[in-house]
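Participant:
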Amino acid sequence: MKTSSFDKWIDYLFYLYIFFIPFSVSEDFRAITGPIPASVLLTFIISLAFMIYYIRTTRKLPFVVNQDLSKNLLVVLICFFLPVLFSTISAVYNFLSIDAYPYSEYFKGDFPARIINFDLFFVFLISFVPLINRFKTERLHAYIKAYWIAVSFLLLIGFWQFLHLTVGIPMFDMQTRSYVHSVGGGAQLFDFRLTSFASEPSYMVPFVIDGFLIGALVFRSYKKYIIWSFLPALFILLFSFSLGGYLNFFLVFCGFLLIIFTTTNPYKGKVLKGLAVLIGLALVAALFNTGFILKLIGPVIGRLDTVFDMQEHERLFLLLMPFIWIFQHGQTFFQVLFGMGPGSFKYLNITQYFPDDLHKVYVTSNNFYIDVLYEHGLIGFILSIVLMVYFLWFFFKRRKEGKYAQVGFLITLHLSITSLYRADFTSPRFWMMFIILFILIHLLSLKKTKIE
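If you count the sequence shown from 1, you need to add 2 to reach our numbering.
Shown next as structure tokens:
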């Protein structure tokens, strides 16, 4: 497809949108545009732009009846957006049948906001994905590189924050939770957690691990990848002191080892040697300076004291109780199957309390699957798992076909794990990761065609 001036303007707009994706986890950034969050406004602009671009290119509207949609896009539409449709019907029914102020408050506020978000990403997907096979590979690689640059900027601010908190280098004021919280007793070497410009570490670390993975697509040189992508991201991750981030990295690394040992890989020996050296150094350090190691990881182990106590640990409470609430609040089997409505965790925020009976529960469980369970019902919960498993298997069974399939598998694994401690399914990052997966699927098909 020939690149016109119109294409270039679309690309510039998309690059700008991609650059601002990490800023969507900054409260300061979201508040710039007043009552409408900046990320929502930018998503509206890019969705509208690509819809116009699609119409201009194909001479028809997106998602018309005779449109030839790929199987993979249909899987996303069925597993994610179809439950949203039924959940919306459920919400309307609830509004008409539940004569209560709390549900009315949610329905008139958070419900339309959530529907607008879903509509924007729906339009974005059905406009952009069908166009991928019309784009040159250089253009698609440029989109991926743009996202890596955006994440790298977040890491750069993280380094600046580290220097600010350790040696006092001046830095602009940011509203972040960089202090150590929810920690039990014990000495600590550090009394801060890196957040970059994100509101808190758990918002930042998904982007950091994005950097690990997307960097592998940007750099062809192993050494350049280690220096410019892997080590910077590892440094920021270590000082985030995020339990979710550490577990996320560990499981993705296990996925990497699975890929290494089930394919013919020239780096298999180097990976084994490197892993052995790291484990050896960690053991030696632990034996000779146990006190220092305990201080170093104090912000991590200190938070384990209450992690399995539902009466004390708020996240555990919110992970378990929605399984009960969906049956308590669902007046019909339809509501249990399809949920209490998109964004209806706000209804819980109005009506439910933590065990102390003083503080209301949050507007999210910080878990994609649990939020979907209550909002989109049992069907939405099951299909959200099917969605992740489908893409995991799609890329894993093609892992021997090269880097695109291998990185695609790791990105999907990362996204499925991130969803255990982040419920950001209406965020630009969540859908940008799916855009990258669709790009990798197309690049993988091109490579396979050349081989055949």
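Just so it is clear, CB atoms sit at the ideal spot from N, CA and C, and this is done for glycine as well.
DSSP state of Lys399, grouped into three classes?
Facilitator: In the sequence shown, residue 399 corresponds to position 397, counting from 1. Coil.
Participant: Less than 7 Å separating the beta-carbons of Asn368 and Tyr423?
Facilitator: In the sequence shown, the residue the question calls residue 368 occupies position 366. In the sequence shown, the residue the question calls residue 423 occupies position 421. Going by C-beta atoms, Asn368 is nearer than 7 Å to Tyr423.
Participant: Give me the DSSP bridge partner(s) of Lys362.
Facilitator: Your numbering for residue 362 matches position 360 in the sequence shown. DSSP, once it has assigned bridges, lists Tyr355 as partnering Lys362.
Participant: My guess is that Ile146 and Ile438 are in contact by the Cβ rule of under 8 Å, so how many angstroms apart are they, rounded?
Facilitator: As a first step, residue 146 must be located in the sequence shown, where it is residue number 144. As a first step, residue 438 must be located in the sequence shown, where it is residue number 436. Between Ile438 and Ile146 the Cβ distance is about 6 Å, and since that is below 8 Å, they are a contact.
Participant: Contact criterion: CB-CB distance below 7 Å. Does Thr366 meet it with respect to chain C?
Facilitator: Among the protein chains of the structure shown there is no chain C, as only one such chain exists.
Participant: My guess is that Leu415 and Gly247 are in contact by the Cβ rule of under 8 Å, so how many angstroms apart are they, rounded?
Facilitator: By one-based count along the sequence shown, residue 415 stands at place 413. By one-based count along the sequence shown, residue 247 stands at place 245. Not quite, the Cβ-Cβ distance comes to about 15 Å (not below 8 Å), so this is no contact.
Participant: With H, G and I counted as helix, E and B as strand and the rest as coil, what does DSSP make of Phe137?
Facilitator: Locating residue 137 in the sequence shown gives position 135, where the first residue counts as 1. Correct three-state label for Phe137: coil.
Participant: With 16 as the cutoff for other CB atoms within 10 Å, does Trp395 come out buried or exposed?
Facilitator: As a first step, residue 395 must be located in the sequence shown, where it is residue number 393. By the neighbour-count rule (16 or more Cβ atoms within 10 Å), Trp395 is not buried but exposed.
Participant: Using a threshold of 7 Å, state whether the C-beta atoms of Leu127 and Ser49 are closer than that.
Facilitator: Translated into the one-based positions of the sequence shown, residue 127 becomes position 125. Translated into the one-based positions of the sequence shown, residue 49 becomes position 47. Result no, Cβ atoms of Leu127 and Ser49 do not sit closer than 7 Å.
Participant: Consult DSSP for Phe221 and reduce its assignment to one of helix, strand or coil.
Facilitator: Taking the first residue of the sequence shown as position 1, residue 221 is located at position 219. Phe221 falls in the coil class under three-state DSSP.
Participant: If Ile216 sits next to Val286, beta carbons under 8 Å apart, how far is it from one beta carbon to the other, in whole angstroms?
Facilitator: In the sequence shown, counting from the first residue as 1, residue 216 sits at position 214. In the sequence shown, counting from the first residue as 1, residue 286 sits at position 284. That pair is no contact at about 33 Å.
Participant: Please list the terminal residues of the continuous alpha helix (DSSP H) segment that includes Ser421.
Facilitator: Taking the sequence shown and counting its residues from 1, one reaches residue 421 at position 419. No alpha helix (DSSP H) contains Ser421, which DSSP labels as neither H nor E.
Participant: Since Pro357 and Ala93 should fall inside the 8 Å C-beta cutoff, what is the C-beta to C-beta distance between them, to a whole number of angstroms?
Facilitator: In the sequence shown, the residue the question calls residue 357 occupies position 355. In the sequence shown, the residue the question calls residue 93 occupies position 91. Pro357 to Ala93, Cβ: 28 Å. No contact.
Participant: With a 10 Å radius around its C-beta and 16 neighbouring C-beta atoms as the bar for buried, classify Ser198 as buried or exposed.
Facilitator: Along the sequence shown, read from residue 1 onward, the residue named residue 198 stands at position 196. By the 10 Å Cβ count, Ser198 comes out buried.
Participant: Would you report the Cα separation of Phe8 and Phe440, rounded to the nearest angstrom?
Facilitator: Here residue 8 is taken as the residue at index 6 of the sequence shown, counted from 1. Here residue 440 is taken as the residue at index 438 of the sequence shown, counted from 1. So the alpha carbons of these two residues sit roughly 23 Å apart.
Participant: Using the Cα positions of Ile352 and Met342, report the straight-line distance between them to the nearest angstrom.
Facilitator: The residue labelled residue 352 in the question sits at position 350 within the sequence shown. The residue labelled residue 342 in the question sits at position 340 within the sequence shown. The alpha-carbon atoms of Ile352 and Met342 are separated by roughly 14 Å.
Participant: Figure out for me which residue from Arg400, Pro430 and Ile262 has the closest Cα to the Cα of Leu445.
Facilitator: Along the sequence shown, one-based indexing puts residue 445 at 443. Taking only the C-alpha atoms, the option nearest Leu445 is Arg400.
Participant: Take Ile12 and list the residues in its own chain whose beta-carbon comes closer than 8 Å to its own, dropping the five residues that flank it on each side.
Facilitator: Looking up residue 12 in the sequence shown gives position 10. Excluding residues within five positions, the ones whose Cβ falls inside 8 Å are Ala51, Phe52 and Tyr55.
Participant: Measure from the alpha carbon of Ile118 to the alpha carbon of each residue in Lys270, Leu448 and Thr428, then state which is nearest.
Facilitator: Position 116 of the sequence shown, counted from the start, is the residue given in the question as residue 118. Closest option to Ile118, Cα to Cα, is Thr428.
Participant: What are the boundary residues of the alpha helix (DSSP H) that Trp230 is part of?
Facilitator: Here residue 230 is taken as the residue at index 228 of the sequence shown, counted from 1. No alpha helix (DSSP H) holds Trp230; DSSP gives it neither H nor E.
Participant: Within a Cβ cutoff of 6 Å, which residues of the same chain sit near Ile20, ignoring the five residues on either side of it in sequence?
Facilitator: As a first step, residue 20 must be located in the sequence shown, where it is residue number 18. The answer, listed in chain order, is Ala148, Tyr149 and Ala152.
Participant: Is the beta carbon of Gly246 within less than 6 Å of some heavy atom of the ligand GTP?
Facilitator: Looking for the ligand GTP in the displayed structure turns up nothing, as the structure carries no ligands at all.
Participant: In chain order, what residues of the same chain have a beta carbon less than 7 Å from the beta carbon of Ala425, not counting five sequence neighbours either side?
Facilitator: As a first step, residue 425 must be located in the sequence shown, where it is residue number 423. Result list for Ala425: Thr366, Ser367, Asn368, Asn369, Phe370 and Asp373, in chain order.
Participant: How many angstroms separate the CA atom of Val254 from the CA atom of Gly410?
Facilitator: Taking the sequence shown and counting its residues from 1, the one referred to as residue 254 is at position 252. Taking the sequence shown and counting its residues from 1, the one referred to as residue 410 is at position 408. One C-alpha to the other measures close to 12 Å.
Participant: As a quick exercise: from Val391, Leu360 and Ser346, pick the residue whose alpha carbon is nearest that of Ile104.
Facilitator: The count along the sequence shown starts at 1 and reaches residue 104 at position 102. Note on residue identity: the sequence assigns Pro, not Ile, to residue 104. That would be Ser346, whose Cα lies nearest to the Cα of Pro104.
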